[in-house]
Amino acid sequence: MIKSKFAIYAFLLIIIILFSAVGAVTLYKSQNKLDGYVKTKAVVVDYKEKIDYDVDRGYEKMYSEVVEYTVDGQKYTASNSVWTNAPKAIGKEIEIAYDPNMPSRCEFVSSSYFFPMVCFGIAGITFLVFIAQIITGIKAKNRY
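When the count follows my numbering, it moves up by one through the sequence shown with no breaks and lands on 137 for the last residue.
Below you can see the structure in the form of structure tokens.
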């Protein structure tokens, strides 16, 4: 019984550490990628559409925003690399960051945080499960 509890604790700690580390490294890399970039507002002018298949939900439409932004009087367009199931409304302003040396190169600021936040979320939920396991283990030990 003690060995199995220890194995559960160790497994949960490994998951917490792994997802926290992946989230931190990804967030650090995305921040470094934005270093030297200039943040500005872009306007959603259109969106791309594709059909995606999910085993549980079947076929569903996915969307990627197409934005337009202006640098030094010149207009640029860019497509978001992150696909979602609900596009932002046309005309909505979103934040991007562009390379001042090559303004046509840009990153969608909110998209750069998506994957790290998912990793931190999984680590957080696993941490709560870890704490619950410890509490139930203490309660079970006190019963005997």
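Ideal Cβ positions, reconstructed from N, Cα and C, are used throughout, including at glycine.
The structure displayed is predicted, hence computed values, not measured ones.
Exposure label - residue i; buried when at least 16 CB within 10 Å
i: Pro109; result: buried
i: Ile89; result: buried
i: Pro93; result: exposed
i: Gly114; result: exposed
i: Gly66; result: exposed
i: Thr129; result: exposed
i: Thr142; result: A query on residue 142 cannot be resolved here, the shown segment of the chain reaching from -6 to 137 and no further.
Bridge-paired residues (DSSP) for residue i
i: Asp173; result: Outside the displayed range of the chain (-6 to 137) lies residue 173, so it cannot be described from this structure.
i: Ala82; result: Answer is none; Ala82 lacks a bridge partner.
i: Cys99; result: Tyr91
i: Ser139; result: Here the chain has residues from -6 to 137 only, and residue 139 is not among them.
i: Tyr52; result: Tyr46
8 Å CB neighbourhood of residue i in its chain, flanking five on each side removed
i: Gln126; result: Lys(-2), Ile1, Tyr2, Leu5
i: Ala79; result: Tyr56
i: Asp45; result: Tyr52, Glu53, Lys54, Met55, Trp76
i: Ser13; result: Cys112, Phe113, Ala116
i: Phe123; result: Tyr2, Leu5, Leu6, Ile9
Given residue i as reference, the closest of the options once Cα atoms are compared
i: Glu58; options: Val37, Tyr69, Val122; result: Val37
i: Ser72; options: Glu53, Pro96, Phe101, Leu11; result: Phe101
i: Ile83; options: Tyr56, Ile8, Ile7; result: Tyr56
i: Gly16; options: Ala35, Ile131, Lys(-4), Val111; result: Val111
i: Lys147; options: Ile118, Ile124, Cys99; result: Residue 147 falls outside the range modelled here, since the chain spans only -6 to 137, and no answer is possible.
Contacting residues, own chain, Cβ-Cβ under 7 Å from residue i (five flanking each side not counted)
i: Phe107; result: Val75
i: Lys68; result: Glu61
i: Val64; result: Tyr91, Pro96
i: Val31; result: Ala90, Tyr91, Pro93
Same chain only: Cβ atoms within 6 Å of residue i, ignoring 5 sequence neighbours per side
i: Lys85; result: Val37
CB contact check: residue i to chain C, cutoff 9 Å
i: Ile124; result: Note that chain C does not occur in the displayed structure, where there is just one protein chain.
Task: Contact between the stretch 39 to 48 and the stretch 69 to 87 (3+ Cβ pairs under 8 Å) - done: yes
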